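Chemist: Let me give you the structure first, and then I'll get to my questions.
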Amino acid sequence: MGFTRAQVDQLLQPINTNRVLRDGKGHSHVSQQDVLAHLVRIFGFGNFDTEIINVECVFETPRVNDQGKPSGRWDVCYRAAYRLIVKDEHGVEVCHFEDGSTATAENQKRGDAHDLAYKSALSLAKKRAAIPLGDQFGLSLYNKGQTSALVRGTLVMPEGQPAEQDVQDGVEKQVSLGNDEIERDLDASPAEPAGHPVPAVSVNAEWVNAFETRLASAGSDQLGALKREVAAEFKHHRLDSDAANQLMDAIRQRQAELNGQEAA
Numbered sequence: 032m033g034f035t036r037a038q039v040d041q042l043l044q045p046i047n048t049n050r051v052l053r054d055g056k057g058h059s060h061v062s063q064q065d066v067l068a069h070l071v072r073i074f075g076f077g078n079f080d081t082e083i084i085n086v087e088c089v090f091e092t093p094r095v096n097d098q099g100k101p102s103g104r105w106d107v108c109y110r111a112a113y114r115l116i117v118k119d120e121h122g123v124e125v126c127h128f129e130d131g132s133t134a135t136a137e138n139q140k141r142g143d144a145h146d147l148a149y150k151s152a153l154s155l156a157k158k159r160a161a162i163p164l165g166d167q168f169g170l171s172l173y174n175k176g177q178t179s180a181l182v183r184g185t186l187v188m189p190e191g192q193p194a195e196q197d198v199q200d201g202v203e204k205q206v207s208l209g210n211d212e213i214e215r216d217l218d219a220s221p222a223e224p225a226g227h228p229v230p231a232v233s234v235n236a237e238w239v240n241a242f243e244t245r246l247a248s249a250g251s252d253q254l255g256a257l258k259r260e261v262a263a264e265f266k267h268h269r270l271d272s273d274a275a276n277q278l279m280d281a282i283r284q285r286q287a288e289l290n291g292q293e294a295a
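Structure follows, in structure tokens:
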């Protein structure tokens, strides 16, 4: 057997905009937890498998300060390959897709760099492996963030009852947990071409204090905007790399606090 008529009808629906996130550069994407949730919605618990084909560290590079001494910060890159296996309602494999990704964590403590790069590479590979399932899994977003249907229809339609409703209805606005996207704007390397001076950065302590006050009372739906704010401040040389990474760490800690409150 293959997919049911209701499943194909669902896959042909455009992606619900509540499921779409934007990273620090404004690129549209779906989170790894949303991809897993949507696999459950369409195919059911236990009717898909995810397999890690391979994961390896590509490099780990220590950073040095202006005096050439170790700074205690690291750049780490991981590469991962992933397989998604989709089954029918009887548990028989219908199809499988494979894809991979690399992810780099920059200017982090050594353990944090490995943790972030490892998890990010796996999450990105997982999301990419699901893209052949169509617009519901982010295919249309590759067309400059398009949320209207890109596939629109298929010549292979199974018989049976069509979908009675869109299983995306009622999905709350998603918030990234931080493990499925890389804040590449927070690379401490000079953004200017070689030979051009890097603008001096003077951190505004008053702004940082005000930001931390806002973060302390922020809800989950506000954390994405706060991350983009930090990225913009860094990009325009109003934050140095250490201050920017500290604020990003604080945002992740706030997200963890909120997740703990929800679980309780």
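Here my numbering = 1-based position in the sequence shown + 31.
Glycine included, every Cβ here is placed at the ideal spot set by N, Cα and C.
Treat the numbers as computed from the prediction; the structure is a model and nothing was measured.
Could I get the ranges of all uninterrupted alpha helix (DSSP H) runs contained in the region 222-284, with 4 residues as the minimum, in chain order?
Modeler: Along the length of the region 222-284, whole alpha helix (DSSP H) runs at least 4 residues long occupy 236-247, 251-266, reported in chain order.
Chemist: Just reading off the beta strand (DSSP E) that V39 is part of, what are its end residues?
Modeler: Sequence index remark: in the sequence shown, residue 39 carries index 8 (1-based). For V39, there is no enclosing beta strand (DSSP E); the residue is part of the alpha helix (DSSP H) that begins and ends at 36-42.
Chemist: To the nearest whole angstrom, what separates the beta carbons of K150 and T81, a pair I think is in contact under 8 Å?
Modeler: Indexing the sequence shown from 1 puts residue 150 at position 119. Indexing the sequence shown from 1 puts residue 81 at position 50. 14 Å between Cβ atoms; not a contact.
Chemist: With DSSP as the reference, please indicate the residues paired to Q139 in a beta bridge.
Modeler: Stepping through the sequence shown from its first residue, residue 139 is reached at position 108. Per DSSP, the beta-bridge partners of Q139 are W105.
Chemist: Which word fits K204, buried or exposed, when buried means at least 16 other C-beta atoms lie within 10 angstroms of its C-beta?
Modeler: As a position in the sequence shown, residue 204 is number 173, starting the count at 1. Result: exposed.
Chemist: Could you spell out the range, first to last residue, of the alpha helix (DSSP H) harbouring R94?
Modeler: Working through the sequence shown from its first residue, we reach residue 94 at position 63. Unbroken run through R94 is the beta strand (DSSP E), 79-95; no alpha helix (DSSP H).
Chemist: Within this structure, are the beta carbons of T178 and P45 separated by less than 7 Å?
Modeler: By one-based count along the sequence shown, residue 178 stands at place 147. By one-based count along the sequence shown, residue 45 stands at place 14. Contact flag set, yes.
Chemist: Look at the Cβ atom of P193, then the Cβ atom of R72, and state whether they are nearer than 7 Å.
Modeler: Looking up residue 193 in the sequence shown gives position 162. Looking up residue 72 in the sequence shown gives position 41. No; because the gap between Cβ atoms is not below 7 Å, this pair is not in contact.
Chemist: For E120, which of Q38, L246, F265 has the nearest alpha-carbon?
Modeler: As a working mapping, residue 120 is identified with position 89 in the sequence shown. Among Q38, L246, F265, the Cα nearest to that of E120 is on Q38.
Chemist: So Q199 packs on N47, CB below 8 Å; how close in whole Å?
Modeler: Counting from 1 along the sequence shown, the entry for residue 199 is found at position 168. Counting from 1 along the sequence shown, the entry for residue 47 is found at position 16. Rounded, the Cβ-Cβ distance is 4 Å, consistent with contact.
Chemist: Could you check whether the Cβ of A111 sits closer than 6 Å to any heavy atom belonging to the ligand SAH?
Modeler: Summarising the ligand content, the structure contains no ligands, and the ligand SAH is consequently not present.
Chemist: Kindly list the residues whose CB is nearer than 6 Å to the CB of N49, restricted to its own chain and excluding five residues on each side of it in sequence; keep chain order.
Modeler: Taking the first residue of the sequence shown as position 1, residue 49 is located at position 18. Excluding positions up to five away in sequence, the list reads V202, K204.
Chemist: Figure out for me which residue from V66, L289, V107, N85 has the closest Cα to the Cα of D252.
Modeler: Here residue 252 is taken as the residue at index 221 of the sequence shown, counted from 1. Checking every option, the nearest Cα to that of D252 belongs to L289.
Chemist: Using alpha carbons as the reference points, say which of L254, P163, I116, T92 lies closest to F76.
Modeler: Within the sequence shown, residue 76 is the residue found at index 45, counting from 1. Taking only the C-alpha atoms, the option nearest F76 is I116.
Chemist: Just list the residues that DSSP pairs K100 with in beta bridges.
Modeler: Here residue 100 refers to the residue found at position 69 of the sequence shown. DSSP output for K100 lists no bridge partner at all.
Chemist: For a test of the three-state rule: what should DSSP assign to R11, helix, strand or coil?
Modeler: Absent from the structure is residue 11, since the part of the chain shown begins at 32 and ends at 295.
Chemist: Applying the criterion that 16 or more other CB atoms from any shown protein chain within 10 Å of the CB defines a buried residue, is R104 buried or exposed?
Modeler: Here residue 104 corresponds to residue number 73 of the sequence shown, with the count starting at 1. Under this definition R104 is a buried residue.
Chemist: Could you tell me which of T92, F242, A281, Y109 sits nearest to N85, measuring between CA atoms?
Modeler: The residue you call residue 85 lines up with position 54 of the sequence shown. The option with the nearest alpha carbon to N85 is Y109.
Chemist: Among residues of its own chain, excluding the 5 on either side of E260, which ones have a beta-carbon nearer than 8 Å to its beta-carbon?
Modeler: On the sequence shown, residue 260 is found 229 positions in, with the first residue counted as 1. Within the same chain, E260 has close Cβ partners F242.
Chemist: Just verifying my parser: in three-state terms, what is the DSSP assignment at A219?
Modeler: To locate residue 219, count along the sequence shown from 1; it is residue 188. At A219 the pLDDT is 34, less than 50, meaning the model places this residue with poor confidence; the figure from the coordinates comes in the next sentence. A219 falls in the coil class under three-state DSSP.
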